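Participant: If you scroll down you'll find the structure; I have some questions about it.
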Amino acid sequence: SQTIHQWPATLVQPVGSPLSLECTVEGTSNPNLYWYRQAAGRGLQLLFYSVGIGQISSEVPQNLSASRPQDRQFILSSKKLLLSDSGFYLCAWTKVSGGEKLFFGSGTQLSVL
Amino acid sequence: RKEVEQDPGPFNVPEGATVAFNCTYSNSASQSFFWYRQDCRKEPKLLMSVYSSGNEDGRFTAQLNRASQYISLLIRDSKLSDSATYLCVVSGAGSYQLTFGKGTKLSVIP
Numbered sequence: 012s013q014t015i016h017q018w019p020a021t022l023v024q025p026v027g028s029p030l031s032l033e034c035t036v037e038g039t040s041n042p043n044l045y046w047y048r049q050a051a052g053r054g055l056q057l058l059f060y061s062v063g064i065g066q067i068s069s070e071v072p073q074n075l076s077a078s079r080p081q082d083r084q085f086i087l088s089s090k091k092l093l094l095s096d097s098g099f100y101l102c103a104w105t106k107v108s109g110g111e112k113l114f115f116g117s118g119t120q121l122s123v124l
Numbered sequence: 113r114k115e116v117e118q119d120p121g122p123f124n125v126p127e128g129a130t131v132a133f134n135c136t137y138s139n140s141a142s143q144s145f146f147w148y149r150q151d152c153r154k155e156p157k158l159l160m161s162v163y164s165s166g167n168e169d170g171r172f173t174a175q176l177n178r179a180s181q182y183i184s185l186l187i188r189d190s191k192l193s194d195s196a197t198y199l200c201v202v203s204g205a206g207s208y209q210l211t212f213g214k215g216t217k218l219s220v221i222p
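Those sequence lines, one after another, are chains V and G. As numbered in our numbering, residues 12 to 124 make up the first sequence, in order. As numbered in our numbering, residues 113 to 222 make up the second sequence, in order.
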């Protein structure tokens, strides 16, 4: 069976510090991978998605970036965090055909202070 | 018109009640539809897919109306454990992206 791992669960970072969130998927190959953000009281916002190694599509201009160094690894990064980067970050995957069911990791609650 | 719109909520219902949520979508070419459930500070989890002919899973019934571009979720005999936020999710034709509604919060009261 497929599983998705995301860490850390909680993170408190000062403004201006770097960020690295990691996500890995097991039990499947060549998944589509996604990073979403959910700000307090708001809906899920798609940040990045990837259909293959090294292929990243950005949905929202911001100071965040994503990388996919391996087939089942997806990383969200920032060189300098802003207060507005606070939120609940979720990694997710779907099968390669697209439009399929989306499965989420357990999320990272990021607080930028 | 927003891509996916849901009832604003919150819905506060007594145990045993029947409650219905609606969701409208703007992309007439959308092909896949889902309902997700999200508990506070947790990840969304797939509740059920929504099929053209309508589908049922226990106390939950989902309907799709392509002509009017809306989806519904009906929960019968509400349980305390049904308290959560319910998210409507729609995909585009040939798109890798799923669009989420903002969710409707349900509180089932003893």
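All residues carry an ideal CB built from backbone N, CA and C; glycine is no exception. In this text the structure is predicted, and so the values were computed from the model without any measurement.
Near T21/V, which residues of its chain fall below 6 angstroms by C-beta distance, leaving aside the five closest residues on each side in sequence?
Facilitator: Taking the first residue of the first sequence as 1, we reach residue 21/V at position 10. Cβ within range, chain order: Q120.
Participant: Tell me, please, which residues DSSP counts as bridged to K217/G.
Facilitator: Counted from its first residue, the second sequence places residue 217/G at position 105. K217/G pairs with T197/G.
Participant: Between the alpha carbons of F123/G and Y148/G, how many angstroms are there, rounded?
Facilitator: Mapped onto the second sequence, residue 123/G falls at position 11. Mapped onto the second sequence, residue 148/G falls at position 36. Answer to the nearest angstrom: the Cα atoms are 16 angstroms apart.
Participant: How many angstroms separate the CA atom of S31/V from the CA atom of Q73/V?
Facilitator: In the first sequence, residue 31/V corresponds to position 20, counting from 1. In the first sequence, residue 73/V corresponds to position 62, counting from 1. Taking the straight line from one Cα to the other gives about 15 angstroms.
Participant: With DSSP as the reference, identify every bridge partner of C135/G, one or two as the case may be.
Facilitator: Here the question's residue 135/G lines up with position 23 in the second sequence. Paired residue(s): Q118/G and I183/G.
Participant: Measure the C-alpha to C-alpha separation of L158/G and G38/V and round it to an integer number of angstroms.
Facilitator: Taking the second sequence and counting its residues from 1, the one referred to as residue 158/G is at position 46. Taking the first sequence and counting its residues from 1, the one referred to as residue 38/V is at position 27. Rounded to whole angstroms, L158/G to G38/V spans 19 angstroms at the Cα level.
Participant: Within 8 angstroms of any Cβ in chain V, is that where the Cβ of S161/G sits?
Facilitator: Here residue 161/G refers to the residue found at position 49 when the second sequence is read from its first residue. Answer yes: the Cβ-Cβ gap between S161/G and chain V drops below 8 angstroms somewhere.
Participant: G98/V bridges to which residues according to DSSP?
Facilitator: The residue labelled residue 98/V in the question sits at position 87 within the first sequence. Its beta-bridge partners are L121/V.
Participant: Given a limit of 9 angstroms on CB to CB distance, which residues of the segment 176–187 of chain G reach chain V?
Facilitator: none
Participant: Are at least three pairs of beta-carbons, each pair with one atom in the segment 40–50 of chain V and one in the segment 81–88 of chain V, less than 8 angstroms apart?
Facilitator: yes
Participant: State the beta-bridge partners of S203/G as determined by DSSP.
Facilitator: Locating residue 203/G in the second sequence gives position 91, where the first residue counts as 1. The partner list for S203/G (beta bridge, DSSP) reads L210/G.
Participant: In this structure, does DSSP put L192/G in helix, strand or coil?
Facilitator: Locating residue 192/G in the second sequence gives position 80, counting from the first residue. If DSSP states are grouped into helix, strand and coil, L192/G belongs with the helices.
Participant: Could you say which of P222/G, S203/G, E127/G and L186/G lies nearest to T216/G if we only look at CA atoms?
Facilitator: Here residue 216/G is taken as the residue at index 104 of the second sequence, counted from 1. The residue with the shortest Cα to Cα distance from T216/G is L186/G.
Participant: Would DSSP call D169/G helix, strand or coil?
Facilitator: On the second sequence, residue 169/G is found 57 positions in, with the first residue counted as 1. Here D169/G sits in strand by DSSP.
Participant: Under 7 angstroms Cβ to Cβ from L94/V, same chain only, skipping five residues before and after it: list those, please.
Facilitator: One-based indexing of the first sequence puts residue 94/V at position 83. In its chain, beyond the 5 residues on either side, V26 and V123 have a beta carbon closer than 7 angstroms to the beta carbon of L94/V.
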